[in-house]
Structures are given as C-alpha cells and as structure tokens.
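Colleague: Residue numbers (our numbering), protein chains in the order written: chain A, 34 to 252; chain B, 34 to 252; chain C, 34 to 252; chain D, 34 to 252.
Where a beta carbon is used, it is the ideal one built from N, C-alpha and C, also for glycine.
Predicted, not measured: the structure shown is a model, and the values here were computed from it.
One structure is given below, represented as structure tokens, and several questions about it will come after.
There are 4 protein chains.
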Amino acid sequence: MEHSLDNQELREWYKTRGFGGRVGFGQRPAIVAIDVARGWLDPDVDLGSAQSDVLDAIVEVLGAARETGTPIFFTTMGFSDPAEAGPVYARKLPLSATQTAGTPEMELHPAVQRRDDEPLIVKPRASGFFQTNLVTQLISRGIDTTVIVGLSTSGCIRATAESAFDYGFHAIVPQEAVGDRCPSAHAAALFDIDARLADVMPVADAIAELRRLAPVAVS
Amino acid sequence: MEHSLDNQELREWYKTRGFGGRVGFGQRPAIVAIDVARGWLDPDVDLGSAQSDVLDAIVEVLGAARETGTPIFFTTMGFSDPAEAGPVYARKLPLSATQTAGTPEMELHPAVQRRDDEPLIVKPRASGFFQTNLVTQLISRGIDTTVIVGLSTSGCIRATAESAFDYGFHAIVPQEAVGDRCPSAHAAALFDIDARLADVMPVADAIAELRRLAPVAVS
Amino acid sequence: MEHSLDNQELREWYKTRGFGGRVGFGQRPAIVAIDVARGWLDPDVDLGSAQSDVLDAIVEVLGAARETGTPIFFTTMGFSDPAEAGPVYARKLPLSATQTAGTPEMELHPAVQRRDDEPLIVKPRASGFFQTNLVTQLISRGIDTTVIVGLSTSGCIRATAESAFDYGFHAIVPQEAVGDRCPSAHAAALFDIDARLADVMPVADAIAELRRLAPVAVS
Amino acid sequence: MEHSLDNQELREWYKTRGFGGRVGFGQRPAIVAIDVARGWLDPDVDLGSAQSDVLDAIVEVLGAARETGTPIFFTTMGFSDPAEAGPVYARKLPLSATQTAGTPEMELHPAVQRRDDEPLIVKPRASGFFQTNLVTQLISRGIDTTVIVGLSTSGCIRATAESAFDYGFHAIVPQEAVGDRCPSAHAAALFDIDARLADVMPVADAIAELRRLAPVAVS
C-alpha cells in the first residue's frame with residue numbers, strides 16, 4: 034500500500050484513529066528555511082540532488098515573507114572538525130565527510146539572497162532546534178508559527194517539524210517547497226508529518242496566510 | 034517503489050550516497066522501552082492495535098536484559114490536564130483525549146513486569162528524551178548504547194531513535210520488538226531509521242550483543 | 034564588602050561594566066511559582082525555613098494574577114525513587130532523601146489555593162525549565178514574560194531566572210516574594226540575578242505592571 | 034555575615050541542612066575551559082579584569098590534562114549579529130555590544146595554546162551546555178566528570194557547573210583556576226557552587242585526581 038498523501042483511504046483511516054487534525058496558522062509566523070545550501074542542491078555532491086523546482090518554490094515563499102514583513106531564519110550545517118560530530122554520527126552517515134564548516138557545499142544557495150537581518154544558524158543535527166538558539170530567537174520575536182521549507186523532507190524537515198511541534202509552535206510545511214533525494218522517502222515523510230506534526234499545504238495557501246497575517250503593509 | 038528495508042536496491046543506493054552505515058553497540062547498553070502500555074496494545078482504543086507478536090518480542094528482550102544485568106528504562110505518556118499538552122498538540126492529535134495521566138490506557142502492560150529499580154518516565158511528546166530526565170539517567174549510569182523497543186515505529190520509536198542519535202548514543206532497534214498500527218508507516222519508518230539514526234537488526238542479534246557485553250554474570 | 038542590592042557602590046560599578054540593565058515587562062506575563070511547597074516552608078524539615086512573610090507576598094502576587102487573568106504555573110519536586118535523581122545529585126544534596134514524590138513535604142502549601150487550570154509541574158532539578166515542559170506551555174500560551182516567585186532565592190529561583198533569560202523570556206523577580214533559608218545567600222543571589230538575569234523589583238511594582246497589562250478586565 | 038567558603042560556621046550549618054556533600058571524580062574526566070578569551074582577561078575591556086594568577090592556574094590544569102590524556106573542551110562567545118542575542122539579553126547586559134563573533138576579544142587567550150583536537154564551542158549564553166553540542170561531545174567520549182575552569186565564577190562558571198550537575202556529570206571546580214571581576218561575587222558564587230553543584234577544591238588536588246585516573250600513560 035502506498036504510504037503517501039495521495040492515498041486518501043489511508044488518510045481517512047488515520048483520521049478515524051485520532052491523527053491528522055488541522056493546526057492552522059497562529060498569529061505571528063516566521064519562515065524556517067532548512068539547509069537551502071549548495072551541497073543539498075547539487076547532484077554531484079553525495080548529499081545533493083537536482084531540486085530546481087523546490088528551489089523555485091522556496092524562493093517564492095521567501096519573497097512573500099519579505100513582502101509581508103515575516104521574519105526568516107536560515108540554517109545550514111558544518112563541523113569545524115570531523116570529531117565534533119562524534120563517532121556515532123560519522124559511522125551512521127559517512128556523508129558527514131562532506132559537511133565541513135565553511136566549505137562551498139555548506140554555503141546557502143545564492144538564489145535565497147539572505148539579508149543581513151535574517152539569521153543564519155549552523156546546526157549540528159537534523160532538527161533546526163537541536164542544540165541551537167533557534168527557539169530563543171523565536172521566543173524573542175514572539176513567533177508562534179513556523180513555516181518550514183528546504184531539504185530534505187525525510188531528514189531535516191521532518192526533524193525540524195517534530196521539534197517545532199514539541200515546543201508548542203504551529204508548524205506548516207508548504208508542500209512544493211520541500212524536497213528529498215528519494216521520492217518514496219519524500220512521500221512517506223510528508224504523510225507522517227501531516228498525520229503527526231504539521232499541516233502540509235500548497236505553497237499558494239501558505240502564502241495567502243502570510244498575507245492575511247502580515248504584521249505591516251510593506252510597499 | 035516500496036520504501037522498506039526489503040527494497041535492497043534502495044538500500045544500496047542510499048549506501049552510495051553516504052547513508053546507512055553501521056554504528057554497532059558501544060560498551061554499556063540500556064533498554065529504552067517506549068510506551069509498552071495498554072492503550073497502544075489494545076485494538077479497541079484509538080491509539081491501539083493488535084501487537085501480540087511485538088509484545089512477545091519485547092518481553093524476550095526485557096528477559097535477556099534482566100539476565101545480563103542491562104538496565105531498563107520504561108516510558109509512558111499521560112497529561113494531568115488536557116491543557117497541559119497545549120492547543121497545537123490537541124488539534125493535530127485528537128487521540129490526545131485518551132492520553133490522560135493515571136488511566137488504565139497509560140499503564141504499562143502487565144506482561145513487562147516492571148521492577149522497582151526500573152525507572153518509569155512519563156514523557157509529554159513522542160521522544161523519550163524530550164523534556165524528560167532520561168538523558169540524565171543514562172549519563173548517571175554511564176550508558177553509551179540505547180536499545181529501543183516498543184510502539185509506535187513511525188512515531189515514538191523514530192523520535193526516540195533520533196534523540197538518542199542526536200545526543201551521541203549508539204542506537205539499536207531490534208526489528209520484531211517495535212510495532213505500528215499501520216504496516217506502510219512501519220516499513221517506511223524502519224527504512225529511514227536504519228538509513229539515518231540507528232541500526233535495525235533482528236532481536237536475536239541484539240540479544241547476542243547484550244550477552245556479549247553483560248556487565249556481570251548473573252546466575 | 035557586602036554582596037547585596039543595598040550596596041549602591043557595587044551596583045554602580047557593575048553598571049559601568051555593562052551589567053544590570055532593565056529588561057522590563059513584555060506584553061504577556063505569567064507567574065512561575067517555584068516550590069511553594071510545605072517542605073520548603075517548614076522549619077522542621079531539612080529543606081525548610083520559616084518564611085511566612087514570603088508566603089504572604091507570594092499569595093498577594095497570586096491574587097493579583099488571578100484578578101488580572103495572568104496565567105500561573107506552579108512547580109514542585111519529587112523523585113519516585115531515590116535512584117531517579119542519580120548518584121551525583123544524591124551525594125551533593127543529602128537533603129534529596131526528603132524529596133520523595135507524593136509526600137506531604139512536596140505538596141503545594143494550602144495557602145496558594147491552586148486552581149485546576151493552573152498547571153503543576155514536577156521538576157527534577159533547580160530550574161523550573163530543565164527537563165520539564167514549562168517552555169512548551171509558555172510558548173503555547175504566547176507568554177513573553179515570567180514573573181518568578183517562591184523558594185529558594187540562591188537555588189531554584191536563580192536557576193529558573195537563568196533559564197527564562199536563556200530562552201529569551203523577560204524575567205522579573207518580585208523581591209519580597211522570594212526567600213531563602215540563608216540571609217547572606219539570599220542577598221548575594223538577588224544581586225547577581227538583578228545584574229545578569231532578571232529585574233528585581235518590589236512586589237507592588239510587579240503587581241502594578243500585571244494590572245497595566247491585564248489581558249481582560251475581570252470583575 | 035560573610036558568604037564565602039572561609040566561613041566555616043556557615044559551611045557547617047549548610048551541612049546540617051543536607052547540602053554540600055562531596056561528589057568526587059568519576060572514572061573519565063574532561064576539562065571544560067570556559068571563556069578563557071582575551072576579552073575576559075583584559076582590564077581595558079568592559080567584560081575583563083586582571084586575572085593573571087587565574088590564567089596561570091588554568092594553564093597548569095591544561096598542562097596536566099594534556100600530560101594525562103584528559104580531553105579538553107574550550108568555549109567562547111560571539112554573536113554574528115546583535116539581534117541574534119535577542120532584546121532581553123541586550124537590555125540586561127549592555128556589555129553584549131562587545132561580544133561580537135570573530136573579534137579579538139572573543140578569541141581564546143594565546144596562553145592556552147589550543148590544539149586542533151581540542152574542540153572550541155561558541156556558546157550563546159552563560160552555560161557551556163545551553164544550546165550547544167557540548168553534552169553530545171561529552172557523551173560521545175564517555176566522559177562522566179567535568180573539571181570546570183575559566184571565567185567568570187559568578188556567571189559562566191556557576192551556570193556551567195549547574196548544567197553539568199543537572200545532566201548528571203560529576204562537576205569539579207579547581208578553586209584558583211576560576212576568576213571573577215568582583216571579589217564578593219566570586220566568594221559568594223564559590224560558596225553556592227560548593228553547597229549545591231560541584232566540589233570546589235585546590236588545583237593541586239584536582240590535578241592529582243587527573244593523574245590517578247589517567248587513561249593512558251603519555252610520555
């Protein structure tokens with residue numbers, strides 16, 4: 034049986050078991066843009082795959098955020114030293130050899146055009162929240178809703194959605210703005226995220242909500 | 034394409050991309066038994082499903098742990114008040130209405146026969162580590178390896194494996210000793226856990242390792 | 034030299050070094066009432082000391098909170114089993130033998146008259162935030178300011194103020210509503226809290242701010 | 034009454050109340066060297082004060098650690114952008130204006146001669162553990178004991194000792210190897226640390242323990 038959001042029967046069955054309710058937006062959203070860095074977007078790197086449609090959708094969400102005054106937080110990864118990740122990480126994920134701090138692979142993709150007032154957080158694990166100050170930055174700005182975009186759906190996106198949910202934030206995943214090197218992992222993760230952690234919705238719907246909640250009209 | 038550990042082609046492809054290495058056991062394992070409570074094992078409860086084979090496998094792992102002097106930590110859930118979980122949790126998971134502290138559904142299943150020196154941790158979210166003192170208890174006992182059993186594979190097992198991995202513990206998931214109400218979610222989660230977080234292995238292999246590492250011969 | 038808020042010269046010197054700024058209230062305060070339990074208020078218990086003036090001040094703050102619709106969160110402690118605290122805790126603090134879950138010493142003092150919708154959090158360490166779901170509950174309610182009352186100034190109050198500060202919450206300590214078994218510890222802790230973590234202010238000023246920010250007029 | 038470790042009467046009284054037990058070393062210590070950076074050691078910087086004796090003692094502990102194969106973890110601070118610290122931090126601590134990432138003030142003091150395999154962690158708050166991956170690095174190396182040196186006693190040293198204690202690590206503070214710009218804050222903090230969190234002991238005693246536990250003879 035296909036484990037995906039296209040499987041309506043499965044969605045209905047989950048609903049009868051008490052999963053998959055709608056959380057919706059709160060009052061003050063922020064964008065959390067996970068690992069929109071060269072390495073994850075370059076098919077010639079272990080980490081990477083061709084994701085130009087996803088990148089376009091991410092750029093569209095970022096544009097709407099800037100237009101509506103919605104704060105944006107970026108993450109990337111990067112260990113100063115292989116030992117920093119620890120032996121468990123290095124053994125499970127040999128790809129960690131390519132996650133070195135300061136390399137071109139760990140730099141944000143130029144298409145996101147990060148501005149100086151949009152924080153860049155270097156995270157040591159999949160979740161944007163784990164052992165970073167993201168939660169403090171969100172609390173400091175009174176954010177109650179995290180709109181999560183980036184890569185990869187079955188790894189860092191799911192983990193970040195779980196942390197956002199765990200901390201009590203509304204979490205939204207605009208469907209076209211997240212991607213994964215593996216289609217079956219992508220589909221299965223989106224299903225589980227929507228059932229347990231966050232509302233998966235079209236980019237257009239998420240942008241409409243950002244506009245509805247825009248804290249200030251920005252010309 | 035099937036997203037499961039039976040899909041050898043997919044496993045091979047993940048391996049070429051730098052995922053799915055073997056972590057193995059460290060020196061000092063503990064069992065983390067997640068939500069082996071009546072509610073998750075009773076098909077008449079929203080949360081639950083028929084899992085008698087999984088329960089048998091869990092009991093087998095617990096028996097081997099006691100025989101080898103391996104510490105066991107149990108978790109369950111239970112909110113004192115619906116408001117405690119917060120509105121985001123309540124909306125996404127209407128099943129939360131059945132997760133009330135102290136109800137029979139949240140009690141450990143009698144088959145696990147918890148002993149007084151085996152801690153029971155009441156966790157507020159999927160991961161056994163999130164906002165609980167599990168990490169402190171593991172550090173206090175010098176544990177470096179968590180053997181994770183219980184329910185549900187695509188929810189609390191995956192989340193606990195992710196936290197164990199994030200904190201630097203070796204994580205092992207004995208395959209027959211974890212279960213999920215949904216077969217496709219179970220298969221997809223096991224694949225992702227093995228690729229990214231923990232070694233999925235047969236119960237027999239995990240028990241053999243507990244015996245090899247047994248801190249004390251116990252008659 | 035006296036290490037206390039009465040030492041104006043010391044306060045001035047700290048100010049010249051870049052400490053002790055005023056944080057003030059944000060928009061949505063909550064009360065965090067730390068360990069207002071029998072054990073800490075009973076001079077016949079190891080933990081305790083005579084604190085009736087402090088208790089009166091706490092009750093006054095709680096009254097103002099209820100009057101203004103300000104949420105209240107209570108904490109206490111209590112280990113199910115001595116091993117749960119871990120050997121380091123037990124050795125450093127032999128008083129832990131009296132911190133058993135469910136004993137009269139760990140019950141809230143009846144004077145606080147906790148209501149059903151005021152959460153009670155059982156914390157395993159000094160800070161009300163460490164390994165508890167307090168931060169999730171605060172985020173869930175959109176709180177940006179924590180008004181910290183209770184016991185003991187040099188232990189759990191300081192630790193809770195530090196966590197609140199670390200997470201980005203405004204933190205306020207109403208001076209007469211915190212107490213400590215040891216006067217010199219109380220004075221030194223209040224100085225350091227005010228210099229580094231939270232605004233220490235008279236109860237009357239804190240209550241005036243609760244009234245100014247009252248989310249709803251409550252008759 | 035003087036709040037300091039020299040006040041024997043006060044120590045005795047604390048002991049009768051169940052505080053101030055001895056924790057001792059575990060089996061596998063590491064050094065956690067907090068903020069031994071130019072800014073804290075330069076009296077011409079807001080943060081700083083003259084601490085050459087403290088620096089000598091720190092260097093002595095580091096030397097003994099290297100000689101005995103004891104791992105060393107360094108921290109410093111440094112915000113990429115003032116907004117990163119958040120408004121609460123910036124208001125309470127105007128000194129934060131001098132805590133900019135990558136400035137000479139935030140560089141480790143050259144006397145510590147950090148080696149490539151000694152991690153440097155940039156922390157956003159007083160505790161070396163808060164929102165950093167220090168706990169993961171300690172777990173990854175099987176550490177059970179943290180020997181905490183550096184600056185400042187009443188701020189980052191106390192906070193780090195509290196976190197180490199909270200996580201279940203043995204914590205040791207070698208007395209001459211921690212310093213504070215303010216003598217009364219230093220004395221009061223050492224008293225509270227010893228009563229509640231860590232064993233305060235002479236540098237010579239801590240070094241003797243490192244030698245006793247040396248994992249490998251290193252020529």
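Skipping 5 residues on each side, what residues in its chain have a beta carbon closer than 7 angstroms to that of P137 (chain D)?
Modeller: Correct list, in chain order: R71.
Colleague: Looking at C-alpha atoms only, which residue of D:L74, D:A123, D:S196 and D:P127 is the closest neighbour of L88 (chain D)?
Modeller: D:L74
Colleague: Under 8 angstroms by Cβ, that's how I've got S160 (chain A) and S196 (chain A) pegged, so tell me the actual separation to the nearest angstrom.
Modeller: 4 angstroms
Colleague: Name the DSSP bridge partner or partners of G183 (chain A)?
Modeller: A:I67 and A:V211
Colleague: Which residues of the stretch 119-137 of chain C have a Cβ closer than 7 angstroms to any Cβ of chain B? Give them in chain order.
Modeller: Residues of the stretch 119-137 of chain C with a C-beta less than 7 angstroms from any C-beta of chain B: G119, P120 and V121, listed in chain order.
Colleague: Let me know the secondary structure DSSP gives F106 (chain D) once reduced to three states.
Modeller: strand
Colleague: Anything in chain C within Cβ reach of G54 (chain D), meaning under 9 angstroms, just list it in chain order.
Modeller: A123, R124, K125, L126 and P127
Colleague: How many Å lie between G102 (chain D) and G53 (chain A) at the Cα?
Modeller: 52 angstroms
Colleague: Residues bridged to D232 (chain B) by DSSP?
Modeller: B:I205
Colleague: For I154 (chain A), which beta-bridge partners are listed by DSSP?
Modeller: A:T108
Colleague: If you run the structure through DSSP and keep just helix, strand and coil, what is L243 (chain A)?
Modeller: helix
Colleague: Can you give me the C-alpha to C-alpha distance between A241 (chain A) and P235 (chain A), rounded to a whole angstrom?
Modeller: 10 angstroms
Colleague: Buried or exposed for G57 (chain D), going by 16 or more other Cβ atoms inside 10 Å?
Modeller: exposed
Colleague: Give me, in chain order, the residues of the same chain whose beta-carbon lies closer than 8 angstroms to that of A90 (chain A); leave out the 5 immediate sequence neighbours on both sides.
Modeller: Only V182, P207, E209, A210 and V236 meet the Cβ criterion.
Colleague: Provide the residue span of the alpha helix (DSSP H) that contains F198 (chain B), from first to last.
Modeller: R191 to Y200
Colleague: Do the stretch 150-167 of chain B and the stretch 103-120 of chain B make contact, defined as three or more Cβ pairs closer than 8 angstroms?
Modeller: yes
Colleague: Based on the DSSP output, what are the partners of P62 (chain B) in its beta bridges?
Modeller: B:T178
Colleague: Measuring alpha carbon to alpha carbon, tell me which of A:A194, A:S85, A:D227 and A:Q146 ends up nearest R214 (chain A).
Modeller: A:S85
Colleague: Confirm, please, whether the CB-CB distance from L80 (chain C) to R124 (chain D) is below 9 angstroms.
Modeller: no
Colleague: What does E117 (chain B) touch in chain C if you count any residue whose Cβ is under 8 angstroms from its own?
Modeller: P152, N166 and Q170
Colleague: Kindly list the residues whose CB is nearer than 6 angstroms to the CB of S252 (chain D), restricted to its own chain and excluding five residues on each side of it in sequence; keep chain order.
Modeller: Confidence at S252 (chain D) is low in this model, with a pLDDT of 40, below 50, so the placement of that residue should be treated as unreliable; the coordinate-derived value is given next. Answer for S252 (chain D): no residue qualifies.
Colleague: Along the stretch 185-199 of chain D, where does the CB come closer than 8 angstroms to a CB of chain C? Name the residues.
Modeller: S187, G188, A192, E195, F198 and D199
Colleague: On the criterion of 16 or more Cβ atoms from any shown chain inside 10 Å, does Q146 (chain C) qualify as buried, or is it exposed?
Modeller: exposed
Colleague: According to DSSP, which residues form a beta bridge with L141 (chain C)?
Modeller: C:A70
Colleague: Less than 7 angstroms between C-beta atoms, sequence neighbours within five positions excluded: which residues of the same chain meet that for F224 (chain C)?
Modeller: H36, S37 and L38
Colleague: Just mark R244 (chain A) as buried or exposed, buried being the case when its beta carbon has 16 or more other beta carbons within 10 Å.
Modeller: exposed
Colleague: From the DSSP output, read off the bridge partner residues of T133 (chain B).
Modeller: B:F112
Colleague: Does the beta carbon of A237 (chain D) come closer than 9 angstroms to any beta carbon on chain C?
Modeller: no
Colleague: The alpha helix (DSSP H) with R44 (chain B) in it runs from where to where?
Modeller: Q41 to T49
Colleague: Taking 9 angstroms as the CB-CB limit, is Q41 (chain C) close to chain A?
Modeller: no
Colleague: Is any beta-carbon of chain A found at less than 9 angstroms from that of V251 (chain C)?
Modeller: Model confidence at V251 (chain C) stands at a pLDDT of 43, short of 50, so the residue's coordinates are unreliable and nothing is read from them.
Colleague: Look at the alpha carbon of Q164 (chain D) and the alpha carbon of A194 (chain A), and state the distance between them as a whole number of angstroms.
Modeller: In a straight line, the C-alpha of Q164 (chain D) is about 18 angstroms away from that of A194 (chain A).
Colleague: So, V78 (chain C) versus T108 (chain C), is the Cβ gap smaller than 9 angstroms?
Modeller: no
Colleague: With 16 other CB atoms within 10 Å as the buried threshold, where does R229 (chain D) fall?
Modeller: buried
Colleague: What is the residue span of the alpha helix (DSSP H) that Q170 (chain B) lies within?
Modeller: L167 to S173
Colleague: Confirm, please, whether the CB-CB distance from L167 (chain B) to V65 (chain B) is below 9 angstroms.
Modeller: yes
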